[in-house]
Amino acid sequence: MSILEAQGVRKVYTTRFGGNKVEALKNVSFRVEQGEYVAIMGESGSGKTTLLNILAVLDRPTAGRVLLEGKDVGAVKESAVAAFRRDNLGFVFQDFNLLDTFTLEDNIYLPLVLMGKGYEEMHNRLMPIAEKLGIQELLKKYPYEVSGGQKQRAAVARTLITRPKLVLADEPTGALDSKSTDELLDIFADVNRLGQTILMVTHSVKAASRAGRVMFIRDGEVFHQIYRGESTNEQLYQKISDTLTMIANGKSTVYV
Amino acid sequence: MKHNIYPKLAWTGIKKNKRLYLPYILTCIGMVMMFYIVSFLSVNEYLGSCKGGKEIQQMLVLGSGVIGVFATIFLFYTNSFLMRRRKKEFGLYNILGMGKWNIARVLLWEGVMIAVISLAAGLFGGILFSKIGELCMVNILEAEAVFSMSVEKSSVVTTMILFSVIFALILLNGLRQLHGANPIELLHSENTGEKPPRGNWLFALCGIVLLCGAYYLAVTIENPLAAMIIFFIAVVMVIIATYLLFVSGSVTICRGLQKNKKYYYKTNHFVSVSSMVYRMKRNGAGLASICILCTMVLVMVSSTVCLYIGKEDSLRSRYPRDINITVRRGSAEKLEDGNLAKRRAVVDDELAKYNLVPENILNYRIAAAVGLDSDGKMDLSSSSGYDFNEDYTNVWQIYLVPLEDYNRLMGEKETLEPGEAFIYATKNKYRSDKIQLGSSVVFEIKKVLKDFVDNEEDSMQILPSIFLFVPNYEEVLKQLSGVADYYGNQAFSERWMYAFDLSCTEEKQIEIYESLKSCLSKAEEEFRKENLSGKGIYTFSIESFASERTGFYALYGGLFFLGVLLGIVFVFAAVLIMYYKQVSEGYEDQARFEIMQNVGMTKAEIKKSVSSQVLTVFFLPLLAAGMHLGFAFPLVRKLLLLFGLVNLKLIILVTLSCFLVFALMYILVYRTTSRAYYTIVSGMGN
């Protein structure tokens, strides 16, 4: 069974004055298997963010459905959505979404505290993760006292500590310098190697070239996919670049 | 750039930020209105022509001064809120290519618009409501009301000048801030990074010590005279302590809670405690200000209301009977019964002309001196009893009263041996079981009496009094005749008190009072001629309850009116601070609200946590104010004693109901402002 499955997802926005309808997603179907690392690429306005919002149950599709471990997330009641998200999904955001009022440690604990876990357990879960992410020294600091890369690592720790079935990352490297980007991508790769399923939306070819599969979205549809297969990062990078060039040139089909 | 773009920009600026500007403009209007009304009343001719009106007007002049100063400080404070939020907009204008000069012109237009609106509406409202103010005052003075509208030009002019100056200063301050900032700073002025709040336990400790000290002072105070001075010391201590505790103490407590891992890492406490630290750090000063304003309002309103309601009581203790006559001895000669009988006959004969007899007669002898107490030894020569620079902590007014007069007045049959005495103390507690007058005369105190008749001299003055009831009164006075007072005169001087009620109208009483006065002074002249040796010089004073009443009412009514008026002004201020606090917190919490949602908090959870924080933060000042009021109560009571108000039940009742009314109002304000808060937080605002 796939961990995530999108079946014919369609999303139509109606503009404020009711007249124009905008079709953000036409018909998106794909599967993500357990342990996969998938990158979704596309230009601005291609529908990436809408898709991510629907996968994250932040938004509901106009048609089609999303299955998480075979369960229709559309069936989750509105009142239970936040808890569902908390228990099953982990998020990494472009702008970190750390609360200034908490230390990094408390920021990381936040979802667990919401789940009602005790301090002992939280602490025991955090230690290996903090070590892996190299943020043990920073735990007592506040978000505004550390760099962007460190903030993002704390945000990743907050995501991983709940042991989510699926990590959804929205432009996780968007606000980072190149060194921090490399570090974060290494972390993602490590985590994935240990079995964590990751779905990442990104603009960055470099970020996407570290994934196991790259999915291209154009005009609200899955336009093309590249599997890493035996390629190295560099080779995958090249393939992605070529694909993007072709998309930019308006080709309707791609042969790579 | 077209010229009318500035007023247009200014106007849309105000309109777009109406959530911020509307309360500000309303406050300006309110301040203008209040100032005009008070200033109008202080010069209003009709009020001045009423009995007691002049006295009230003097008080109102002071009141208008207080309002003027307060308005300046307060409008500056609220304007700083506005500027902080507007800076971003100005930064944007600047980046879009508007020079500082252009922005200054927008600011100028804005200032002018607000000033014009506030002055016009404020004066209009002031003129409209000044009549109500006048009617209130006239009613307090129990004079005839006239129903004609009048406008005091001089007050209009003063109000316009004062507030124009205030608005100009506010504008200049805004321009100064604008001048000193660059566009990037302007853009980001709202969210400049914040240092982690660290509770300073030393400050918190200082706050606790100061507060306990102030409370201790307030509770242990016995002498009302000392209460005056200590009141001010305690007020200053409480103000400092409140600021320290709100700013630092609260953060320290939250930090302490965070250290307790079992407590802190619970769903209910986690978010609340940590955001509370920030909230308190940002709003500590504002909350402390609210708390102090609340306390001020409560103390002021409750004490002036007490005075006003209890004015009949105070009046009665100051003037125990309708007509009160005191005859004082002018020299070393004793107040003989014969001398007294002659004067009493004069009074009774005069009354007979009106077909009246004195009723409820108070008729007793009394000898008075001022003494400095040290463990039951009264030093009669070291205190003048008049000098304001003296330390009055242990100074007593001592009255000797013959025991037989006491028995007669109170209907008792007490007997005492020579050297024994009963004691009755007012305004303070006398602790020793002995009392020594001068160097030789000592009394053993057999009993502390609970009651004695009101004595006008005692209620008039602020010294606490001891009434000493002695069996062999004349003997004792003879023994004391050698003791000198501060000025070298004989320490004890004797009086004869003769007071009575009359069953006739108050107008009649005043008429009788006038004629008694003239015939007593005529009689005194004749007695003096009969007794040319010069030993028989007596002075007398006569006071009428009815004729003093208006003056009394003017004083108490004036205090009451001012208390309520200033109370309203301060409440205005407190409400506005609360409102701005809520709104600015709303904007800050907006982002946090979103993040928490992203992390997986449900809307209900967030709302619960946020509302519990808001509730705590909001009601903390009220609780603290209630506590301050509770501890201030003994002090306030002592101060009211100075005004002759002894009715404890009344004071408690009034204070409690003031607090309840205030709390009710507070809750109403909370409900309105928290609605504004939720609108902003849930993003329906901008």
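Protein chains in written order, with our numbering: chain A, -8 to 247; chain B, 71 to 756. By construction, the Cβ of each residue, glycine as well, lies at the ideal position given by its N, Cα and C atoms. Only a predicted model underlies this, so the values are computations on that prediction, with no experimental measurement involved.
- Taking each of 149(B), 481(B), 82(B), 522(B) in turn and checking the Cα distance to residue 495(B), the smallest one comes out for 522(B).
- Residue 322(B) is not a Cβ neighbour of residue 358(B), given a cutoff of 7 Å.
- For the options 537(B), 475(B), 199(B), the alpha carbon positioned closest to that of residue 500(B) is the one of 537(B).
- The Cβ neighbour count for residue 534(B), taken over all protein chains shown within 10 Å, is at least 16; the residue is labelled buried.
- Look at the beta carbons and you see the stretch 640 to 659 of chain B not touching the stretch 407 to 417 of chain B: under three pairs across the two are nearer than 8 Å.
- For residue 663(B), the closest Cβ of chain A is not nearer than 7 Å.
- Beta-bridge analysis with DSSP links residue 193(A) to 32(A).
- Residue state for residue 126(A) is assigned as coil, using DSSP reduced to three classes.
- The count of Cβ pairs closer than 8 Å, one atom from the stretch 117 to 130 of chain B and one from the stretch 206 to 219 of chain B, reaches three, so the stretches are in contact.
- Shortest Cα-Cα distance from residue 716(B) to any of 274(B), 335(B), 498(B) involves 498(B).
- When Cβ pairs closer than 8 Å are counted between the two stretches, the stretch 79 to 95 of chain B is seen not to touch the stretch 629 to 643 of chain B, the count staying below three.
- A Cβ-Cβ separation of about 15 Å leaves residue 429(B) out of contact with residue 586(B) under the 8 Å criterion.
- In the structure shown, residue 704(B) falls within a helical segment according to DSSP collapsed to helix, strand and coil.
- Contact annotation, residue 288(B) with residue 704(B): C-beta distance approximately 6 Å; criterion of less than 8 Å satisfied.
- With contacts defined as CB atoms closer than 7 Å, residue -3(A) and residue 57(A) qualify as a contacting pair.
- At least one beta carbon of chain B lies nearer than 7 Å to the beta carbon of residue 102(A).
- The beta carbon of residue 381(B) does not come within 7 Å of any beta carbon belonging to chain A, so the residue lies off that interface.
- Per DSSP, the continuous alpha helix (DSSP H) segment holding residue 722(B) begins and ends at 718 to 751.
- Residue 192(B) places its beta carbon 7 Å or farther from that of residue 95(B).
- A straight line joining the alpha-carbon of residue 203(A) with that of residue 176(A) spans about 13 Å.
- Take residue 12(A), set aside five residues on each side of it, and the residues of its chain with a beta-carbon closer than 8 Å to its own are 3, 4, 5, 6, in chain order.
- A distance of 7 Å or more separates the beta carbons of residue 307(B) and residue 324(B).
- The beta carbon of residue 28(A) does not come within 7 Å of any beta carbon belonging to chain B, so the residue lies off that interface.
- Residue pairing for residue 160(B): DSSP places it in no beta bridge.
- Residue range 381 to 388 is occupied by the alpha helix (DSSP H) that includes residue 383(B).
- Taken atom to atom, the span from the alpha-carbon of residue 75(B) to that of residue 249(B) is near 21 Å.
- Nearest C-alpha to residue 184(A) among 195(A), 169(A), 201(A), 196(A): 201(A).
- Put simply, the backbone Cα of residue 441(B) is about 51 Å away from that of residue 201(B).
- With a cut-off of 8 Å on Cβ pairs, the stretch 606 to 625 of chain B is not in contact with the stretch 692 to 708 of chain B, counting fewer than three such pairs.
- With its beta carbon less than 7 Å from one in chain A, residue 668(B) belongs to the interface.
- Close CB contacts of residue 208(B) within its chain, under the 6 Å cut and outside five residues either way in sequence, are with 215 (chain order).
- Taking C-beta atoms as the reference points, residue 113(A) and residue 103(A) count as a pair closer than 7 Å.
- The shortest CA-to-CA distance from residue 190(A) to any of 174(A), 150(A), 241(A) is the one to 150(A).
- Rounded to the nearest whole angstrom, the CA to CA distance from residue 226(B) to residue 101(B) is 13 Å.
- With 16 or more other Cβ atoms inside 10 Å of its own Cβ, residue 566(B) counts as buried.
- For the 7 Å CB-CB criterion, residue 95(A) and residue 132(A) form a contact.
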